[in-house]
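Numbering-wise, the numbering used here comes out as the position in the sequence shown, counting from 1, plus 6. We treat Cβ as the ideally placed atom computed from N, Cα and C, and that holds for glycine. Owing to the predicted nature of the structure, the values given are computational and were not obtained by experimental measurement. So the structure is just underneath, and the comments pick up after that.
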Amino acid sequence: MIAVPVIAIDGPSASGKGTVAALTAKELGFHYLDSGAIYRVTAHAAMERGVDLADEAALADLARSLDLHFDGVEIYLDGQAVGDAIRTEAAGRAASRIAALPALRAALLDLQRGFRKAPGLVTDGRDMGSVVFPDATLKVFLTASAEERANRRYKQLIEKGFDANLTALVQDLRERDARDASRASAPLRQEADARLLDTTDLSIAQAVDQVLGWYREADAR
Ligand code: C5P
7 MIAVPVIAID GPSASGKGTV AALTAKELGF HYLDSGAIYR VTAHAAMERG VDLADEAALA
67 DLARSLDLHF DGVEIYLDGQ AVGDAIRTEA AGRAASRIAA LPALRAALLD LQRGFRKAPG
127 LVTDGRDMGS VVFPDATLKV FLTASAEERA NRRYKQLIEK GFDANLTALV QDLRERDARD
187 ASRASAPLRQ EADARLLDTT DLSIAQAVDQ VLGWYREADA R
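Okay, here's the thing in structure tokens:
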């Protein structure tokens, strides 16, 4: 049986990997999984239910019992739309804290792998190519400079009507990168078999074209 193709796009916060992954999925008619949203929604649920963000066993139990539903880019927790609530910087920070806990990561594996359905999946995160889908057809490590990423996040927040401070965003991104890269469990890093895509000077369309080009090469093999 031929495995359902997966394009795994990993990289740091606000690198644009989500936008590139979603557009690539649209081009190919593939499903899309934003794995960061799963960590964010788990952190959000924990805060709502008063679960301690350091209680690994309780968080893993919570992760296994989440009632999640995806509809396009919207995400529902217990039937409630939580897309906006989980996109805040506070939710991102909380997600990054709980994401360092191995039992919590293990509890989310089956949920993520369940998104691999025909005709294919494009997914983005930190460990999609290394841990969740090690047999992915194409693995990309997508990044950009911290300043460029902070700029992008700043524009996104302002567009959504949120308050934002550029200096604080650069600081926050650097701290989050350091935490994601230094954790023992599934640290953020470019794997040997992942292609490096630095989007600092690329438009979204150029980045998507590059991923599609690499995918066609990999698929032809
Ligand atoms: O990508 P996003 O910023 O939405 O992810 C929020 C946090 O979730 C990240 O800072 C990271 O700690 C964690 N994460 C992870 N593994 C993934 C996706 C996200 O550890 N595959």
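Gly85 to His75, Cα distance in whole Å?
8 Å
Would you kindly check if the distance between the Cβ of Ala156 and the Cβ of Ala6 is under 8 Å?
No answer is possible for residue 6: the residues shown for the chain start at 7 and end at 227.
In three-state DSSP terms, what is Leu107?
In the structure shown, the three-state DSSP call for Leu107 is coil.
Taking the continuous beta strand (DSSP E) assigned at Leu74, which residues delimit it?
Here the beta strand (DSSP E) through Leu74 covers 74 to 77.
Note down the Cα distance separating Leu208 from Ser71, rounded to an integer number of angstroms.
40 Å
Uninterrupted alpha helix (DSSP H) stretches inside the region 90 to 174 (no shorter than 4 residues)
95 to 104, 108 to 113, 115 to 119, 152 to 165
Roughly how many angstroms lie between the CA atoms of Asp90 and Arg46, to the nearest whole one?
11 Å
Less than 7 Å separating the Cβ of Arg132 from some heavy atom of the ligand C5P?
yes
Just reading off the beta strand (DSSP E) that Arg201 is part of, what are its end residues?
Counting along the chain, the beta strand (DSSP E) containing Arg201 begins and ends at 201 to 204.
Leu209 CB to nearest heavy atom of the ligand C5P below 7 Å:
The residue you asked about is not Leu; residue 209 is Ser in the sequence shown. No, since every heavy atom of the ligand C5P falls outside the 7 Å radius drawn around the Cβ of Ser209.
Are the beta-carbon atoms of Val57 and Leu39 separated by less than 8 Å?
no
For Ala192, three-class secondary structure by DSSP
coil
Taking 8 Å as the cut-off, decide whether the C-beta atoms of Ala124 and Val217 are in contact.
no
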